[in-house]
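Enquirer:
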Amino acid sequence: MSEMQGSGRFDFVGKNKIFGALSALLLVAAIAAIATKGLNYGIDFAGGTEVQVKFSESVEASKIRALLKENGVESAQVQRFGDENEYLIRFETLVGKTDQETNKLTADRIGAITNGLKSSFASIAPDIRRVDSVGPQIGDQLKRNGVLAVFYSLLLILIYVGLRFDYNFAPGAVVCLFHDSLITLGVFAIMGKEINVQILAAVLTIIGYSLNDTIVVFDRIRENIGTFKNNRLPWVINRSINDTLSRTMLTSVTTLLAVAALILFAGGVIADFAFALAIGVLVGTYSSVYIASPLVIQFEKLKGAKSKA
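Structure below.
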């Protein structure tokens, strides 16, 4: 009779080596993508100026780039945004000797570009919808604060899970969240999607969502440890995952439906935010089953080995 018999319909714990290897492969791929391709930081983190403009008719991006070159902007990025007639124009901020000079240079360049768009494309009614400008120092500060926000959130989660359950549970929860966040960023690196403050918010949201899913499983494990005292820990964990499986799947599917609606019908930043959430929900559901819970078994084995030594 199999050790997992009676622990539930699906043998999750028995497949933990296979899925552990898969997760390790995904993490290596994510790290390799981030290291080789890098993250495409938006102006929030990289600094610069972003102009969002919409025309009443279609216009070629090459004509916009030609206008920018006429105004001395050689390295600008021009990309479609939302509708076919809408574009995002990004360019570096000119840095002066003082902050006042930098602000003046930036204001002059923005004025030259917006006025040039209005005059050169007057027949197709350019509408300047948004102008955002972030200095390089502020961008670096936002990037640093973003990294610290993720670090401190993981640290507090480690302490919280350790105090609420047991310190055998805490490392699994944190590794699970690190796994989810890194894979999400890896997908963005591979696809070249922009990383900005909104995407950072999505990563923090993913951490919260994944933690909630993991805590539900951990809570059932703790209950079942007391109920099934004569069964070994792998049996109890497999039973607990099966007990919470319907709740996990219902939560994930309903969340994905809402996120899918945002991806399909929202545009621009909201669509990218929803795309990050979709990756996080999928990976977070997977990791709460195949990463967090099996790691509890590994840390229990490690604890037992140390006590025997």
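Read in my numbering, the sequence shown has 290 at position 294, and its numbers run on one by one without any break.
Think of the CB as a built atom: it goes at the ideal place given N, C-alpha and C, for glycine as much as any other residue.
1) I'd like the span of the beta strand (DSSP E) that includes THR45, first residue to last.
2) Tell me the rounded alpha-carbon separation between LYS13 and ILE134.
3) Give the DSSP-derived three-state secondary structure of ASN220 in the structure shown.
4) What I want to know is whether the C-beta of ILE39 ends up closer than 7 Å to one or more non-hydrogen atoms of the ligand ADP.
5) Does the contact criterion of 3 or more C-beta pairs under 8 Å hold for the segment 68 to 83 versus the segment 33 to 49?
6) Is it right to say ASN220 is buried, meaning 16 or more other beta carbons lie within 10 angstroms of its own, or is it exposed?
7) Classify SER129 as helix, strand or coil using the three-state DSSP reduction.
8) Can you look up ASP123 in the DSSP assignment and give me helix, strand or coil?
9) Which full runs of the alpha helix (DSSP H) of 4+ residues lie inside the segment 151 to 188, going along the chain?
10) Roughly how many whole angstroms lie between the Cα atoms of THR223 and CYS172?
11) Provide the residue span of the beta strand (DSSP E) that contains PHE77, from first to last.
12) Quick check: ALA169 and PHE269, are their CB atoms within less than 8 Å of each other?
13) Rounded to whole angstroms, what is the Cα-Cα separation between ILE287 and LEU253?
14) Please report the straight-line C-alpha distance between ILE106 and ALA25, rounded to a whole angstrom.
15) So, at 7 Å on beta carbons, what are the nonlocal neighbours of ARG216 in its own chain, with the 5 sequence-adjacent residues on each side left out?
Expert: So, to answer that:
1) 44 to 50
2) 44 Å
3) helix
4) As far as ligands go, the structure on display features none, and thus does not contain the ligand ADP.
5) yes
6) buried
7) strand
8) strand
9) 166 to 187
10) 26 Å
11) 73 to 77
12) no
13) 24 Å
14) 40 Å
15) SER236, ASP239, THR240
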